[in-house]
Amino acid sequence: MSEMRVVGVRVELPANQPILLLRETEGERYLPIWIGSVEATAIALEQQGVRPARPLTHDLLKEVIAALGRELEQVVITDLREGTFFAELVFDGDVRVSARPSDSIALALRAGVPIHAEDGVLEEAGLIIPDEQEDEVEKFREFLDSVSPEDFRGADT
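For the sequence shown, the numbering used here begins at 2 and goes up steadily by one.
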């Protein structure tokens with residue numbers, strides 16, 4: 002199992018589909034995960050340190066967990082089946098709850114807990130970006146610095 006860090010979220014064109022990019026903290030593999038626009042917004046807001054006037058669902062969930070006296074210890078991306086990623090929220094006492102990776106990561110960022118990916122997931126879906134393509138990763142980071150949460154809202158909202 003490898004610890005991952007969130008590189009960021011961007012919208013893949015022309016499909017207008019948000020993609021979350023993770024990278025191994027002690028390695029060179031990247032893990033791209035297509036996610037929904039609501040979760041993309043939640044992740045982007047948290048990364049940018051933006052506090053909405055009213056709590057978002059992931060903020061509420063964090064508060065509910067604390068109010069119940071539990072502690073989220075980590076998030077694990079556990080599986081990839083037929084193009085769909087699976088994750089677990091791991092709480093104190095090794096209590097595990099199945100969840101979508103996008104929701105799990107939005108919550109992990111708010112709770113300040115580590116994000117891990119199982120080796121099998123990284124072997125199947127992880128990408129190694131050669132040095133000459135590191136420039137693309139830098140462009141991705143620059144994009145993230147210039148994007149706003151409104152960019153993740155769909156045309157129908």
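We put the CB at the ideal spot given by N, CA and C, even for glycine.
- Ala88 and Glu64 have their C-alpha atoms roughly 21 Å apart.
- In the displayed model, Pro33 falls within a strand according to three-state DSSP.
- Going by beta carbons, Ile106 and Leu21 fall inside the 9 Å limit.
- Thr26: not part of any beta strand (DSSP E); DSSP gives it neither H nor E.
- If you draw a 10 Å sphere on the C-beta of Val76, you find 16 or more other C-beta atoms in it, and that means buried.
- According to the DSSP assignment, Glu124 belongs to no beta strand (DSSP E) but to the alpha helix (DSSP H) extending over Asp120 to Ala126.
- Assignment of beta strand (DSSP E) within the stretch 65-90, counting only whole runs of 3 or more residues, yields 73-82 in chain order.
- Residue pairing of Met5 in beta bridges, as defined by DSSP: Glu25 and Ile116.
- Minimum Cα-Cα distance from Thr79 among the listed residues Gly70, Glu29 and Ala100 corresponds to Ala100.
- Ala16 carries a coil assignment under DSSP once its states are collapsed to helix, strand and coil.
- Secondary structure at Arg111: helix, using DSSP grouped into helix, strand and coil.
- Per DSSP, the beta-bridge partners of Ala100 are Ala88.
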